[in-house]
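Line by line, the protein sequences are chains W and R. Using this note's numbering, you'd call the opening residue of the first sequence number 1 and step up by one each time. Using this note's numbering, you'd call the opening residue of the second sequence number 1 and step up by one each time.
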Amino acid sequence: MQLTQGFADPAIDAARVFRIVLDAMSHPGRIVALPGIDAPAPCSPAAASVLLTLVDGTTPLHLAGAHDCDAMRDWVRFHLGAPLVGPQGAAFALGTWPALGPLSAYPQGSAEYPDRSATLIVDGAELRREGARLTGPGIAHEAFLTLPDVAALQANAAQFPRGLDILFTSGTQLAALPRSTRIGGA
Amino acid sequence: MTDYNFAYLDEATKRMLRRAILKAVAIPGYQVPFSSREMPMPYGWGTGGVQVTAACLVPEDTLKVIDQGADDTTNAVSIRNFFARVARVTTTEATAEASVIQTRHRIPERPLTDGQILVFQVPIPEPLRFLEPRETETRTMHALEDYGLMQVRLYEDIARHGEIARAYAYPVRVEGRYIMDPSPIPKFDNPKLDRSPALHLFGAGREGRIYALPPHTRVESLDFEDYPFTASKAAGQRCAICGAEDSYLDEVITDDAGGRMFVCSDTDYCATRVAAQAEDAA
Ligand SMILES: [Zn+2]
Chain W
1 MQLTQGFADP AIDAARVFRI VLDAMSHPGR IVALPGIDAP APCSPAAASV LLTLVDGTTP
61 LHLAGAHDCD AMRDWVRFHL GAPLVGPQGA AFALGTWPAL GPLSAYPQGS AEYPDRSATL
121 IVDGAELRRE GARLTGPGIA HEAFLTLPDV AALQANAAQF PRGLDILFTS GTQLAALPRS
181 TRIGGA
Chain R
1 MTDYNFAYLD EATKRMLRRA ILKAVAIPGY QVPFSSREMP MPYGWGTGGV QVTAACLVPE
61 DTLKVIDQGA DDTTNAVSIR NFFARVARVT TTEATAEASV IQTRHRIPER PLTDGQILVF
121 QVPIPEPLRF LEPRETETRT MHALEDYGLM QVRLYEDIAR HGEIARAYAY PVRVEGRYIM
181 DPSPIPKFDN PKLDRSPALH LFGAGREGRI YALPPHTRVE SLDFEDYPFT ASKAAGQRCA
241 ICGAEDSYLD EVITDDAGGR MFVCSDTDYC ATRVAAQAED AA
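Here is the structure:
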């Protein structure tokens, strides 16, 4: 079995990746660059960095569509130790937007504990600063980001404080869309 | 190899803290529960804020630590030295140079900027606790946005004292949703939270809660139409050292005969002003 490398210096690399992800989550729509980590296709280096930083044996992971392949399952078992689950039990999910399926399939958090909701890593679609207009916490005036399905994401935001938080990854790029972001038309 | 974990905490603990911090940023003003760990410092000072700082630091950071505005207290110095050792960060007393600022009970006078993180030490994270001791009840009140009791209590203050009698930990409303305790900062500091370009993170160690204000978040101090919020301090006072009229002042006793003076609580702000005045005079 061939397993790709994880982080070269796990503690420091994870700290740096976290700070970049925190910057993205604190500035919805901001496109940030992550270090390139090799992971089995079709997982992007950015998504692999996020997984290595945030996911472990305590966080059930859902692999969707083509990301749910033998090589990826082996990589998750070796590097993360996260239990692989269906959407309804996931703390994190990884896949392309179409493969991840309806957002309502994932834990949305409760009114008392809205933090008990899934974080989706939407992998593969190119990120550009155009398209849907974003406003809200973390955004000084407005931001723009290409979104796969504006209506579904508006419905997610409308549930605030419940709802999913989304990390879009492509190559070594990442942008975040927390549930707090208000989404205008494209 | 090193004989300690980077930033003291083990990797599993930092992942748990980092997940909680991201959820806190995604739900501004909501208190995310986390499993608090022991830290090698006096309880009561700050294991909540210290854990949040430990989860955030990278070796490239420049860290400032203030206790009631001062960089030179025993606690501030020991925490700064601790992170210099375990996270290999550079330290500073200059607000402008810091990428991460850990604070107990003050916000620096100098406006913070995009990219800076201010980490607060929080003793009691629940702003409704003085009204309702039961956690299940306060959690339901936040869930239902049932803040009527809070409004009534504040209004009783006004009836009794002619104003809302709270100089510290003055409650705020975040983006029109959650009521949040800004930690025991003077209410003078409250307006600095509103739409700040910096990221504000709050850690409560004993109760195991993390909450956040992302940059540019709307933060309103609770008030009433007929009794608007005022961020007042002692009127007409100025700093005896630098002459500042716009900073938060501490009253200090100067001699046994009861002599007193007012000086800036923010020691870096005061020293920066004194240095600038010396340069102008030269
Ligand atoms: Zn002064």
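For each residue, glycine too, the CB sits at the ideal point set by N, CA and C.
Using a Cβ-Cβ cut-off of 9 Å, residue 122 of chain W does not count as an interface residue toward chain R, since no Cβ of chain R sits closer than that to its own. W:103 is the residue among W:103, W:79, W:75 whose C-alpha sits nearest the C-alpha of residue 87 of chain W. For chain R, the residues of the region 23 to 34 of chain W that bring a beta carbon within less than 9 Å of one of its beta carbons are 23, 25, 26, 27, 28, in chain order.
Taking C-alpha positions only, residue 250 of chain R is separated from residue 236 of chain R by approximately 14 Å.
Residues of chain W with a Cβ closer than 7 Å to the Cβ of residue 190 of chain R do not exist, since the nearest Cβ in that chain sits about 17 Å away.
The beta carbon of residue 102 of chain R sits closer than 6 Å to those of 49, 53, 65, 119, all from its chain and outside the five residues before and after it, given in chain order. Within the region 93 to 136 of chain W, the runs of alpha helix (DSSP H) that reach at least 4 residues and sit entirely inside it are, in chain order, 97 to 100. The set of residues with CB atoms less than 5 Å from any heavy atom of ligand 1 reads, in chain order, R:239, R:241, R:242, R:244, R:264, R:270.
Residue 219 of chain R: member of the beta strand (DSSP E) spanning 219 to 221, first to last residue. For the options R:145, R:34, R:166, R:143, the alpha carbon positioned closest to that of residue 232 of chain R is the one of R:166. CA-to-CA, the gap between residue 191 of chain R and residue 138 of chain R works out to about 26 Å. Out of W:5, W:30, W:16, the CA that lies nearest to the CA of residue 142 of chain W is found in W:30.
Counting along the chain, no alpha helix (DSSP H) covers residue 109 of chain R, and no H or E run does either. Residue nearest to residue 96 of chain W within the set W:6, W:171, W:14 is W:171 (criterion: CA-CA distance). The region 10 to 28 of chain W and the region 103 to 115 of chain W do not touch, with fewer than three beta-carbon pairs separated by less than 8 Å. Just so you know, the alpha carbons of residue 77 of chain W and residue 52 of chain W end up roughly 12 Å apart. Using a Cβ-Cβ cut-off of 8 Å, residue 30 of chain R is close to 114, 115, 161 of chain W, given in chain order. In the three-state reduction of the DSSP assignment, residue 179 of chain R falls in the strand class, which pools E and B.
Given a length threshold of 3 residues, each whole run of the beta strand (DSSP E) inside the region 30 to 104 of chain W is given here in chain order: 61 to 63, 92 to 95. The distance from the Cβ of residue 168 of chain R to that of residue 185 of chain R is about 7 Å, consistent with a contact at the 8 Å cut-off. Relative to residue 129 of chain W, the option among W:55, W:157, W:168, W:159 whose CA is nearest is W:168.
Note that the C-beta distance between residue 27 of chain W and residue 28 of chain R is not below 9 Å. With respect to the C-alpha of residue 84 of chain W, the residue from W:99, W:58, W:98 having the closest C-alpha is W:58. The C-beta distance from residue 162 of chain W to residue 109 of chain W rounds to 5 Å, short enough to fall under 8 Å. Across the set W:120, W:46, W:70, W:124, the C-alpha of W:120 shows the shortest separation from the C-alpha of residue 61 of chain W. By DSSP's assignment, residue 104 of chain R forms a beta bridge with R:67. One alpha carbon belongs to residue 35 of chain R, the other to residue 182 of chain W, and they sit about 31 Å apart. With contacts defined as CB atoms closer than 9 Å, residue 267 of chain R and residue 71 of chain R qualify as a contacting pair. The C-alpha of residue 7 of chain W is placed about 45 Å away from the C-alpha of residue 133 of chain R. Nothing from the region 67 to 92 of chain R brings a Cβ to less than 7 Å from some Cβ of chain W. From the beta-carbon of residue 214 of chain R, the residues of chain W found nearer than 7 Å are 26, 137, 138. Using a 10 angstroms sphere on the CB of residue 253 of chain R, the tally of other CB atoms stays under 16, which defines it as exposed. Taking a contact as a CB-CB distance under 8 Å, the pair residue 89 of chain R and residue 57 of chain R counts as one, their CB atoms being some 6 Å apart. Residue 251 of chain R sits in a strand when the DSSP states are folded into three classes.
Within chain R, 56, 58 have C-beta atoms less than 8 Å from the C-beta of residue 19 of chain W, given in sequence order.
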